[in-house]
Structures are given as C-alpha cells and as structure tokens.
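Residue numbers for the sequence shown follow UniProt numbering, so the first one is 1 and each next one is one higher.
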Amino acid sequence: MRFFHVDGLTIAVGKSKTMLDRIREGTQGPVVKTILFIIILAFAFTGVSAYLGGSTEDYVAKVNDREITRAEFDRAYQGQRATMEQQFGEMFEMLAADEGYMREMRASVLEQMIEEELAVQLAGDMGLAQSADALRSAIRQMPEFQVNGAFNNDAYLRQLSNAGFSPTMFRDYLQQQMSRVALMQGTFASEFVLNNESERMQVLQNERRSGRYALISADDYLDMVELTDAEVEAFYNDNQDSFRQEERIQLAYVELSFADVLATVEVDDAEVREYYDANPDAFSTEEMRSIAHILVEFGDSEDAALERIRAIQARLEAGEDFAELAATESDDIFSGEDGGELGILERGTLDPDLEDAGFALESEGDVSDVVRSEFGFHLVKLTELTEAQSSSFAEVAADIRENIAQAEAERIYFEQQQELARISFEVDHTLDEAADAVGLTVQTSPWISRSEPVSGFDDASVLEQAFSDDVRELGLNSELIELDGRSLVVRAADYVAPRVLDLADVRSDIESFLSADKAEVLAFERAQEIQAAIAAGEALEIEFIAIESASRFGNSLPGAVRQELFRMPVTGAAEYASVTLGNGDAAVIELTDMQPGEVDAENAERAKRQLEGQYAELAYRAIMEALKAQANIERRL
1 MRFFHVDGLT
11 IAVGKSKTML
21 DRIREGTQGP
31 VVKTILFIII
41 LAFAFTGVSA
51 YLGGSTEDYV
61 AKVNDREITR
71 AEFDRAYQGQ
81 RATMEQQFGE
91 MFEMLAADEG
101 YMREMRASVL
111 EQMIEEELAV
121 QLAGDMGLAQ
131 SADALRSAIR
141 QMPEFQVNGA
151 FNNDAYLRQL
161 SNAGFSPTMF
171 RDYLQQQMSR
181 VALMQGTFAS
191 EFVLNNESER
201 MQVLQNERRS
211 GRYALISADD
221 YLDMVELTDA
231 EVEAFYNDNQ
241 DSFRQEERIQ
251 LAYVELSFAD
261 VLATVEVDDA
271 EVREYYDANP
281 DAFSTEEMRS
291 IAHILVEFGD
301 SEDAALERIR
311 AIQARLEAGE
321 DFAELAATES
331 DDIFSGEDGG
341 ELGILERGTL
351 DPDLEDAGFA
361 LESEGDVSDV
371 VRSEFGFHLV
381 KLTELTEAQS
391 SSFAEVAADI
401 RENIAQAEAE
411 RIYFEQQQEL
421 ARISFEVDHT
431 LDEAADAVGL
441 TVQTSPWISR
451 SEPVSGFDDA
461 SVLEQAFSDD
471 VRELGLNSEL
481 IELDGRSLVV
491 RAADYVAPRV
501 LDLADVRSDI
511 ESFLSADKAE
521 VLAFERAQEI
531 QAAIAAGEAL
541 EIEFIAIESA
551 SRFGNSLPGA
561 VRQELFRMPV
571 TGAAEYASVT
581 LGNGDAAVIE
591 LTDMQPGEVD
601 AENAERAKRQ
611 LEGQYAELAY
621 RAIMEALKAQ
631 ANIERRL
C-alpha cells in the first residue's frame, strides 16, 4: 500500500496504479490549503489527556457527572495569566497585586470551563457528531501533525505518545470540541437583524446630548462618618470569603538544568576533526533537481498523441510559456494547475524514462525532447538545479563542536535525571541524598500559592505536584517534574493551610471600606438635594461643568455621567438626575437638549453585523443560564 497527497488529503492506493498515481508518488503536487474553522484551545500536547480522563482525586468543579480536575483548571488559569501578561505588560503586576481581582479572574476562568463543558454535554444530548471523514480531515490539517506541509502519521503517533494518550482518546476529545463549536456556531448563525432595526440602532448610537453636571466629592464627607465596632464585626462575619487566604507552600527543591550541564562539557579540537573526517556525507549536499512536465496520454491513438505533443513542443519553441501550456494542455490536471511541477526529482519515484530525461537536462530552463513512457508522451523541463556542494572543515567546525557538546550534555543530563528520580523516590523523606548523588544542592523557594505562583514555579505541572497530597500532607518527595530544559523534584519545606484572616488583621481595611461606603452615600444624598433644588428653580452657589453635544461613546465625560445622561428621558424640558461615579463621588446632571442621530449608509452593514453580534451574545448567555439552571453544578474553588 502506498500514499499520495491531493488537496490536503492522504489517499491510499494499492499495487495497481495509473501513470498519474506513479507521478504523484514521492512528489509534492499542488496542495489546496484548508483552514479549519476550529482551533482546539490549549492543544499544545501538555496535559490534553486530562480532558479525557485524568486524575479525579482533586477537582475544582463537577458539572453533572463530569469533573473538572485541579490540573485542568491550573493549566487554563496559567494560560489566562500568560495572555494577560502579554496584553497588559507591566500593568499586569498592579492587577495581580489585587487579591480580589485575581480571585475574580480565577472564578471567571472556572465559569468559562463550566460553560464549555455544558456546551459539550448539550451537543452530545442533541446527537451532534462529526463524521469520521470530518475528524480525519481535521486531524490531517492540524499543523502539529504535518511535516513539510503534509500530514505525517509518524509525527501524529509520536506527538500523541509524548502526550500520554492514544489516537482514540484524542479523536474523542476532538469530536467533543468540534461538536461544541458546531452547536455554538449554529446558535449564533441563526441570529439576524432587519434593516429598520440597524437603522434605529444607528439613530440611537449617533445621538448627541447637551446640558451640564456638577460633582460632589465623597472625600468631603469622610469626617462626618461614624463607625461602630458592631458594624465592623458584622461586615467581617458577613463577608468571610473576602478575607479567606488561600493555601501557601514553601518548597525545598533540587533543580537539574540542561544549560548548566551543557556549560560543563568541553570538546577538544581532535574530537571535532575526527568527527568531520568520519562523516563526510554530513557536510556535503547532493545535487538537487526539480522538474515539471507536460503529459499527453495515448488515448485511442498513439500516433494522434505524438502529433499533439509535437504541436505543443513547437509552441514552446515559438516562445510560449511552459507553465501556461501545462495548465491548458497537459493531461495531468493536478500538476498542470501548478505549472506542471512534479517537485524534487529522485530515482525510483517516477517512470524510469521520465527520470532519465530529467537527469539528462543540464541547465535550469532546459526542456527535453519528446519522451515516451508506458502511459504517454512527455515534455520535461528542469525548473531548478542545485549543484552538489561540500563544506570545508573551517566552515563547520563550530557547528560540529556545538553538536558534540549538545549530544554529550544530553547523555549526562539524562543519566543525572534518572539518578535524581530514582534516589528521590527510594529515599522519599529527604532530598539531601538525591542532591548529593548528582552534585547539586537543595534550594528553598519563596512562598507559593495557586493564584500567585512565582516565576520558575508557575508551570501547571509544578503546582500540581507542589499541592499534591503526597507533598502537602504526607511530606514526601514529589515525582520528577520535567520542564523545558530543566527537571525538578520538590518537597514541602513549610505549608500554611487555607484560612480566614483574623479580624485584627483586616480591621483597618474594613474600616476604610465602610467609611468610604458611608461617605459615598452622604455624597449621593447631597447630590439629590442639589437636584431637587435646581429643579425647583433655586439658585445655588455650585460649580457646573458644561456638556456640549456629547456622544454616547465619547470620553470627554466621566463614564457614569455619560451613561446616565443617555438614560435620561427626553421630554422637551430640562431633566435632572443624580448618579454615583466609580470613584465614589456623586454627580448632579441636567439634560437640556438632544440632537437625534443620523443614519450612515456607508456604515449600515457594519452596524447590522454589530447588532447581530449583540443578539448572538444574548442568545449565548440565555443558553448558558438555562443550562446552568438545569444542571447539577458543584464548585469547589
């Protein structure tokens, strides 16, 4: 059984084959790239098998009967952190310092995972499934399984093996995710918007409003606030989760670094020269040829076929382009679409007569005389010729030295890695013996939490081992943790269980919060008093800020002021409102004028798509809320 590639698919053929089949063997013809509508999130072959049945000893949520494991969650959370760090840069450090914000982010990640699982389960209940051909096509087009742009079965099996799961497990995972996306896309694609709806939205979006507003600072009322111990204690008792400190661990660890091992390897000049002399083929390249052809099959009359190929040859000699003639005249329609290209010429891949003709050509652009094979007549063109070359010792000595050092370092690293794993397992109550065996020292990490792991200990596999029962509760050494270029074994040096902080530790924070909250209320009450006074026509000594033709999406006004301004009714007379700003201050708003928005014909389609997107989001949220209401969901975060 042999294989060839057509339009991104690998097709198996038996021993009986046509000339076109033989031509396509061993060559790379035109490939039509198909872009999948689905990208499997987090498919980096690091723990994907957890989605398909990992350890269930520790889980953060259960959706009906399906558990979302702690390891799955840690991977998703660390992925979200990495995305935000890349997006916000140094600003993320400020966000990460806010425990409340990070707690909300963890909850948001978990909720997203719950929703994805609910969608997978709904797709299964509805009987949505991808065909075997669709799954096979999706797998073949995933870049992780391709070599030189084509699916490679060895790469596929090797990647799956490295990830620790079987093709069946991955197929089931892909089935779930593609069905989930199909369900969501079907839901979203069903939303539509009428022209008058999008026009009405443009009128509202382009509306302008004018008036004025005044600010009342909450800070001016802080001195008026009075707090009692009872209020502080009541707030503390009612908000225990806000004062919960998650578990933390400090690790003793032994780290084996490949870079450190590589730095100790020395390679002498004699060894480099010996390698060069013993491996001449490694430093020379063979001649490489690429060819194209035009084929005229025999058909019913060999004489007619010969006459036709001679006519094509005459057109070539008259100056017509080979690639254009291949596209219009060649009976090999697949190569013809690519100018007749057959790719790199190698012995044993094509008809011998065709190969002989290709190897006989001397210069790029040369075209053979008519070549007869058992399947037809050909004209063969040499499209690319790379002469054989050989590199001198001086040119490659540095690379040889680096490769020898790399190979020796890999050998030493592997031996030390296995020794570290063996001794830390056999002597599981200390790391001293394992460290001594490989010439390393036991180090101590900073304090680590799941939501705030420090650099170097923020990989999901490290967190999984660090907070495992063996390490955290039993005080044993962890399993060997293999990371990119380094290996770790860890054990608990110190551990603090999750707890609610004492009132004394958070009293000042509570007092500040309650004082600000009460000052905010007083400021808003004052704003309402001012609103009533100006509505009654009273003259007040208060500074107002003018609002002139403000837009709904502008940034010249405080956000809360702008939002309230466009919520206020338009009656033709002055309207008044009070609102609290995000910083706790209050504002009094007077609306005096409204200019209706105009329909922009050029942006009509964009407005329509925007409204459809909003409808789709509402549909998605409605589906998720309904699924959550019906599901049995247990959250343990």
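Glycine included, C-beta positions come from ideal geometry on N, C-alpha and C.
Under the three-state reduction of DSSP, which class applies to residue i: helix, strand or coil?
i	result
Arg450	coil
Ser210	strand
Ser49	Low per-residue confidence applies at Ser49: pLDDT is 43, beneath 50, and the placement is therefore not dependable, though the value from the model is reported in the following sentence. Helix, per DSSP.
Leu36	Unreliable positioning characterises Leu36 in this predicted model, as indicated by a pLDDT of 34, which lies under 50. A coordinate reading is not provided.
Gly365	coil
Met594	strand
Thr168	helix
Ile542	coil
Arg526	helix
Leu488	strand
Ser390	strand
Gly376	strand
Leu183	helix
Ser445	strand
Leu342	strand
Leu501	coil
Glu329	helix
Ala323	helix
Asp494	strand
Ala97	coil
Glu104	helix
residue 709	Only positions 1 to 637 of the chain appear in the structure, and residue 709 is not among them; the question remains open.
Leu316	helix
Arg636	coil
Arg422	helix
Report the option in the options whose CA atom is closest to the CA atom of residue i.
i	options	result
Leu215	Arg70, Gln313, Met594, Phe544	Phe544
Gly582	Glu520, Ser390, Glu408	Glu520
Leu637	Ile291, Glu605, Gln245, Ser290	Gln245
Leu611	Met201, Asn603, Tyr620	Met201
Asn394	Leu95, Gln141, Phe283	Residue identity differs from the one stated: residue 394 is Ala in this sequence, not Asn. When only C-alpha atoms are compared, the closest one is Phe283.
Ser368	Gln416, Thr328, Ser330, Glu317	Glu317
Glu364	Leu557, Ile633, Ala292, Thr571	Ala292
Glu410	Val261, Ser508, Glu271, Ala631	Val261
Met288	Leu385, Glu374, Leu227	Leu385
residue 679	Gln86, Gln121, Gln80	The structure shown does not extend to residue 679, since the chain spans only 1 to 637, so no value can be given for it.
Gln595	Glu408, Ser549, Met624	Ser549
Gln417	Leu379, Gln406, Asp458, Leu488	Leu488
Pro352	Pro558, Leu342, Leu361, Ser373	Ser373
Glu255	Val579, Ala631, Lys518, Ala435	Ala435
Asn162	Thr69, Phe151, Glu144, Gln177	Glu144
Gln389	Glu286, Asp300, Gly299	Glu286
Glu464	Ser392, Gln78, Ala61	Gln78
Should residue i go down as buried or exposed, given a rule of 16 or more other Cβ atoms within 10 Å for buried?
i	result
Tyr221	buried
Ile35	Confidence is the limiting factor: at Ile35 the pLDDT is only 28, short of 50, which leaves the residue's position unreliable and the question unanswerable from this model.
Asn477	buried
Ile400	buried
Tyr345	With the sequence shown as reference, residue 345 is identified as Leu, and Tyr is not the correct amino acid for it. Label assigned to Leu345: buried.
Gly339	buried
Tyr413	buried
Ile481	buried
Leu379	buried
Gly47	In this predicted model, Gly47 has a pLDDT of only 41, less than 50, meaning its place in the structure is not dependable; the value taken from the coordinates is given anyway. By the 10 Å Cβ count, Gly47 comes out buried.
Ala311	exposed
Ile542	exposed
Do residue i and residue j have their C-beta atoms within less than 9 Å of each other?
i	j	result
Gly584	Ala516	yes
Phe524	Ala586	yes
Leu118	Phe73	no
Arg486	Ala252	no
Ile114	Arg635	yes
Glu575	Leu591	yes
Ser551	Ala493	no
Ala129	Ser179	yes
Val506	Tyr236	yes
Val296	Asp269	no
Ala397	Val272	yes
Would you say residue i reaches chain C, if we count a Cβ-Cβ gap shorter than 9 Å as a contact?
i	result
Met594	As a matter of chain content, chain C is missing from the structure shown, which is built from one protein chain.
- Quick one: complete alpha helix (DSSP H) runs, 4+ long, within the segment 210-298? 229-238, 258-264, 269-278
- Message: To test your reading of the DSSP string, which unbroken beta strand (DSSP E) runs of 3 or more residues are found completely within the segment 119-156?
- Response: none
- Task: Starting from the N-terminal side, write out each stretch of the beta strand (DSSP E) that is 3 residues or longer and does not extend beyond the segment 556-615.
- Result: 575-580, 586-595
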